[in-house]
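Here's the structure, in structure tokens; my notes come after.
Chains as they are written, first to last, in the working numbering: chain A, 778 to 858; chain B, 16 to 500.
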């Protein structure tokens, strides 16, 4: 189940960032490295909301929940329950 | 020296900070008076330069208002800049005073919290007095630093008369009055903030302070702008578009919004029209002008559903004249125009000139007139780029990146995406074909340039296309990159 979410995030990163996604692991930091800037982060959130029919609260769009592929998957998972 | 804050309306709210704490005009004026007296007793005068390195809080507003009350020059420094850039700016502007938040102390400058301890509300503000050697009698209101093409940021010096002329224009053109709720979105080192601060606080309106970190989360921003019943918002098309596209703006009641001012980049028409439908009680204005002129042209937007090309930048502000050169470059002359760049007389001479008492600036923007005589923006003559509303000289990024140990040469070019946004791509040639990835590039660059200048993507190349004179052919490079992505 969470592998599906991770694949979706990886696909998003591949489509949105050119020339640098090969080395991204599940625990690679995305926000503090600015790999995902604020606009990309918001686009990713919108994409995941649509794909998995969940909703982030405004304050949940933050570094804690979006810092790594693992954390993103865990958050989306928790919203699906 | 006249206070920039009105002394009427003492009970009205002057400021509301991000946490929702509010400060009345009476409180604000008291603190500004106290800080003014303290600094004057220490020898700060209208000849002084006051560097302000603070997050966007009520304390920072007090620092700026105090500077203007004394008549000194204030120099707002981006608190999000890496320490090396902060140091470079302080060195360049040679301030007499540095007002600082404790978490932003530049390591080599001793900042003291004790000085302000006597002023309630300023207990967490540190002040340092520095030995400085700059010219006196400059009559500069503020210095704003912008991206520099050779690698070092450059300071735009705006005279008191230019600042006052712009503020008066803002007051008389837009109907901001006592009791209005105005948002402060732009950081204080961007010239949009001059409108936010001084138009609002001279008219008895309320200024809502939003910090840089908060503005990034447009969902919270949409919520807050609606909840606080904001009437006037001045920001970039990127910010407004993000509210609509990612901020779930359609959920909220926007009946309070009456004036939307946008500047800094082209507003894609489709998104602008969608926003005008959502915010249908508001009047929209396109404001144009580089930091060197603040706003010098503008136009009110009348929605035309059939329009597909961007709206005009419009017509000159009061008492401003324009000239369009043979190459199509826009020159602007008038009271809002700055004096020049700090410590850079040669560069100043290439971009600024005077005709009688009027100061003129060569904008570097290409324009054309539409059938109604309004100016349309057509692009740049040089390499300067606007990305997400921020002004960026690719040369500044290149200078920083060239310092990386495996980089031989680099060229940064803009790529226009289909949605109208701009991406910056750094083409890099490396030593011995060594690899480098985007994370590495961003992390290296974050040590010397602000986040908003980081490239979106990189492309490792063997060589760069050259023009017949042996220089990098940026146009060809851009084409190669676009076709490879």
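Don't be surprised by glycine CBs; every beta carbon is placed ideally from N, CA and C.
Residue i - DSSP class collapsed to helix/strand/coil
{"i": "residue 254/B", "result": "helix"}
{"i": "residue 839/A", "result": "coil"}
{"i": "residue 16/B", "result": "Low confidence applies here, because residue 16/B scores a pLDDT of 48, under 50, leaving its location unreliable and the question unanswered by this model."}
{"i": "residue 118/B", "result": "helix"}
{"i": "residue 98/B", "result": "helix"}
{"i": "residue 215/B", "result": "helix"}
{"i": "residue 58/B", "result": "coil"}
{"i": "residue 284/B", "result": "helix"}
{"i": "residue 84/B", "result": "helix"}
{"i": "residue 494/B", "result": "helix"}
{"i": "residue 336/B", "result": "strand"}
{"i": "residue 5/B", "result": "Nothing in the structure corresponds to residue 5/B, since chain B is present only between 16 and 500."}
{"i": "residue 298/B", "result": "strand"}
{"i": "residue 143/B", "result": "strand"}
{"i": "residue 812/A", "result": "coil"}
CB of residue i within 8 Å of CB of residue j, strictly
{"i": "residue 287/B", "j": "residue 245/B", "result": "no"}
{"i": "residue 357/B", "j": "residue 378/B", "result": "no"}
{"i": "residue 458/B", "j": "residue 100/B", "result": "no"}
{"i": "residue 211/B", "j": "residue 191/B", "result": "no"}
{"i": "residue 65/B", "j": "residue 82/B", "result": "yes"}
{"i": "residue 143/B", "j": "residue 113/B", "result": "yes"}
{"i": "residue 203/B", "j": "residue 310/B", "result": "no"}
{"i": "residue 312/B", "j": "residue 390/B", "result": "yes"}
{"i": "residue 274/B", "j": "residue 161/B", "result": "no"}
{"i": "residue 843/A", "j": "residue 812/A", "result": "no"}
{"i": "residue 385/B", "j": "residue 327/B", "result": "yes"}
{"i": "residue 19/B", "j": "residue 213/B", "result": "yes"}
{"i": "residue 115/B", "j": "residue 126/B", "result": "yes"}
{"i": "residue 411/B", "j": "residue 163/B", "result": "yes"}
{"i": "residue 396/B", "j": "residue 342/B", "result": "yes"}
Sheet register partners of residue i (DSSP bridge)
{"i": "residue 66/B", "result": "90/B and 113/B"}
{"i": "residue 375/B", "result": "348/B and 368/B"}
{"i": "residue 223/B", "result": "31/B and 198/B"}
{"i": "residue 405/B", "result": "402/B"}
{"i": "residue 395/B", "result": "380/B"}
{"i": "residue 158/B", "result": "172/B"}
{"i": "residue 330/B", "result": "313/B"}
{"i": "residue 429/B", "result": "439/B"}
{"i": "residue 275/B", "result": "248/B and 299/B"}
{"i": "residue 445/B", "result": "422/B"}
{"i": "residue 37/B", "result": "31/B"}
Beta-carbon contacts of residue i that lie in its chain and below 7 Å, excluding the five residues immediately before and after
{"i": "residue 483/B", "result": "none"}
{"i": "residue 472/B", "result": "438, 440 and 453"}
{"i": "residue 798/A", "result": "790 and 791"}
{"i": "residue 497/B", "result": "430"}
{"i": "residue 262/B", "result": "233, 234, 236 and 237"}
Partners in chain A for residue i, counting only beta-carbon separations shorter than 9 Å
{"i": "residue 457/B", "result": "797, 810, 811 and 812"}
{"i": "residue 431/B", "result": "Correct list: empty, because the minimum Cβ distance to chain A is about 14 Å."}
{"i": "residue 353/B", "result": "Neighbours of residue 353/B on chain A: none; closest Cβ ~30 Å, over 9 Å."}
Amino acids of chain B, ordered along the chain, whose beta-carbon sits closer than 7 Å to that of residue i
{"i": "residue 836/A", "result": "235"}
{"i": "residue 820/A", "result": "261"}
{"i": "residue 823/A", "result": "261"}
Cβ shell of residue i (< 8 Å), same chain only, five flanking positions each side left out
{"i": "residue 156/B", "result": "83, 88, 89, 173, 174, 175, 177, 178 and 179"}
{"i": "residue 9/B", "result": "With chain B represented from 16 up to 500, any question about residue 9/B goes unanswered, as that position is not in the structure."}
{"i": "residue 841/A", "result": "848"}
{"i": "residue 230/B", "result": "200, 236 and 254"}
{"i": "residue 481/B", "result": "487 and 488"}
6 Å Cβ shell around residue i - same chain, five flanking residues per side excluded
{"i": "residue 62/B", "result": "151"}
{"i": "residue 46/B", "result": "77 and 136"}
{"i": "residue 450/B", "result": "none"}
{"i": "residue 257/B", "result": "233"}
Listed by chain order, chain A residues near residue i by CB distance under 7 Å
{"i": "residue 238/B", "result": "835"}
{"i": "residue 416/B", "result": "What residue 416/B touches in chain A: nothing, since even the nearest Cβ is about 14 Å away."}
{"i": "residue 231/B", "result": "815"}
Distance cut-off 7 Å: residue i Cβ against heavy atoms of the ligand NAD
{"i": "residue 820/A", "result": "The model depicted lacks the ligand NAD and carries no ligand whatsoever."}
Contacts of residue i in chain A (Cβ-Cβ under 8 Å)
{"i": "residue 254/B", "result": "Correct list: empty, because the minimum Cβ distance to chain A is about 10 Å."}
Within chain B, partners of residue i - CB distance below 8 Å
{"i": "residue 800/A", "result": "452 and 454"}
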